[in-house]
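Residue numbering for the sequence shown follows my numbering, beginning at 84 and increasing consecutively. Just so it is clear, CB atoms sit at the ideal spot from N, CA and C, and this is done for glycine as well.
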Amino acid sequence: MFRTKLYKPGRKYLQLLAVTTILLCPAPAHAGLNLSVTPVSGGNSIRFGRVDLPAATTQEVRIRINSTEATQYQVFQRVSQPFTNERGEALDHDTIRVSVLTGSNSAGSVELQT
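Written out as structure tokens, the structure is:
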């Protein structure tokens, strides 16, 4: 008759096996991106009220991007529908102008294309 001896792995061997398995089978990684656009005056909407021409009314918003990746992002603004007044009449496309405050970006770069 043959006798077989069962091998019982030691505690250090099991720990090494567990660490190796964890290192060789990494969990999937996901990048997180958060974009927020908020009025500097507070609240969550912009209201221009009554504007008499040729007076200019300005509303300032803060755009903030937080990401878990060290890559650059581009933010685009598109007008999907024409702006309208309180009577529902379409306003000229040049009615609203966008500008960038120089030196307002704490990280990265700001570019305004018109």
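- S119 is bridged by DSSP to R147.
- Membership of T103 in the alpha helix (DSSP H) is indicated by the continuous run 94-107.
- Taken through DSSP and simplified to helix, strand or coil, T185 comes out as coil.
- Taken through DSSP and simplified to helix, strand or coil, T141 comes out as coil.
- Note that the stretch 114-124 touches the stretch 149-168; at least 3 beta-carbon pairs, one per stretch, sit closer than 8 Å.
- Shown here, T167 sits in a strand according to DSSP, grouped into three states.
- Exclusion of the five residues before and after L174 leaves P165, F166, T167, N168 as the residues of its chain whose Cβ lies within less than 7 Å of its Cβ.
- Distances from the CA of T185 to each of N149, L195, L106 were compared; the closest alpha carbon is that of L195.
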